[in-house]
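First up is the structure itself, then whatever we jot down about it.
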Amino acid sequence: MIDGFGRRIEYLRVSVTDKCNLRCVYCMPEEGLSWLRKEQLLTYEEIVKVITTMAPLGLRRVRITGGEPLVRRDLPELVHMIAAVPGIEDLSLSTNGVLLEEHGEALREAGVNRVNISLDSLRPDRVDVLSRRPGSAQRIMAGI
């Protein structure tokens, strides 16, 4: 696939949810959010269908994002499905890291090659203030 500027399209970012387990001051309000209903989100099968359709056209890299993708149930199952698509060479995940300690190994085994973790400071007190979730810094570091 070629975009309007003549560049090859080899990379796809897939947002699997709009939900997040943090309320970072620069990203979303602390309360009063209305989330998408489950039926408004792409199913895992629909996501894989898009990727399977694009792979023969040159898609090589997929990044799973959100919201916070790890709050979506059974994410390793989706990773496994994407990793099995012929032509996909790189499968990465963008996360706040809070749930990585719990899910990291399963994601690696399912096929995640790389992880991008958002860490706003090396000072735990600042991370907790920015995320509006006390203890989040400790959980992020445990995930790393």
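Residue 92 in our numbering sits at position 73 of the sequence shown; the count goes up by one each step and never skips. For every residue, glycine included, the Cβ atom is placed at its ideal position computed from N, Cα and C.
| query | result |
| --- | --- |
| Nonlocal neighbours in the same chain, by C-beta distance under 8 Å from cysteine 39, ignoring five residues either side | Cys46, Met47, Gly85, Gly86, Glu87, Val90 and Asn115 |
| Collapsed DSSP secondary structure at serine 150 in the structure displayed | helix |
| Coarse secondary structure for tyrosine 45, derived from DSSP in three states | coil |
| Stretch-stretch touch, CB-based, cutoff 8 Å, three pairs: the region 92-103 with the region 117-132 | yes |
| Per-residue DSSP class, three states only, for arginine 133 | strand |
| Status (buried if at least 16 other CB within 10 Å, exposed otherwise) for leucine 118 | buried |
| Aspartate 109 - DSSP class collapsed to helix/strand/coil | strand |
| Three-state secondary structure assigned by DSSP to serine 155 | helix |
| Nearest residue (CA-CA) to valine 33, options Ile101, Trp54, Ala125 and Leu55 | Ile101 |
| Enclosing beta strand (DSSP E) for valine 33 [first to last residue] | 30-34 |
| For isoleucine 83, the first and last residue of its enclosing beta strand (DSSP E) | 80-84 |
| At least three beta-carbon pairs within less than 8 Å, the region 25-32 to the region 77-84 | yes |
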